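Engineer:
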Amino acid sequence: MKVAEHCSSRAHVVFITAFDQHAVAAFEHGALDYVLKPLTAARMERTVARLQERLQQPPPNLQGLAELLKRASAAENQYIKWLTVSAPE
């Protein structure tokens with residue numbers, strides 16, 4: 002799962018494995034597909050088609066995210082001026 006976790010934002014990750022117990026985690030970490038062994042030609046054709054379809058889509062517009070991150074990093078330099086804490090009675 003570390004591969005999907007670290008690479009899925011930069012690459013299309015497809016797992017080919019004999020172990021089905023990690024499939025949900027793979028998709029949660031951004032895997033494009035999870036193919037169980039033994040492989041069949043039909044199943045690999047579906048995976049290749051899925052990859053080709055993904056490659057035809059334009060990359061997501063991350064400008065809004067970039068602006069949000071800029072504002073968040075600028076806010077880190079600000080300090081709390083007042084802090085009000087209520088004591089339990």
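Going left to right, the sequence shown walks through residues 2 to 90 as the working numbering numbers them.
For glycine and all other residues, C-beta sits at the position ideal for the given N, C-alpha and C.
These figures come from a predicted structure and were not determined experimentally.
1. Do residue 37 and residue 21 count as a contact pair if the criterion is CB distance below 7 Å?
2. Could you work out which residue in 16, 48, 12 is closest to residue 60 when comparing CA atoms only?
3. Find out if the Cβ-Cβ distance for the pair residue 48, residue 14 is shorter than 7 Å.
4. With distances taken between CB atoms, is the gap from residue 35 to residue 42 smaller than 7 Å?
5. Rounded to a whole number of angstroms, what is the C-alpha to C-alpha distance between residue 66 and residue 75?
6. According to DSSP, is residue 16 part of a helix, a strand, or is it coil?
Structural biologist: So, to answer that:
1. yes
2. 12
3. no
4. no
5. Whole-angstrom Cα-Cα distance: 14 Å.
6. strand
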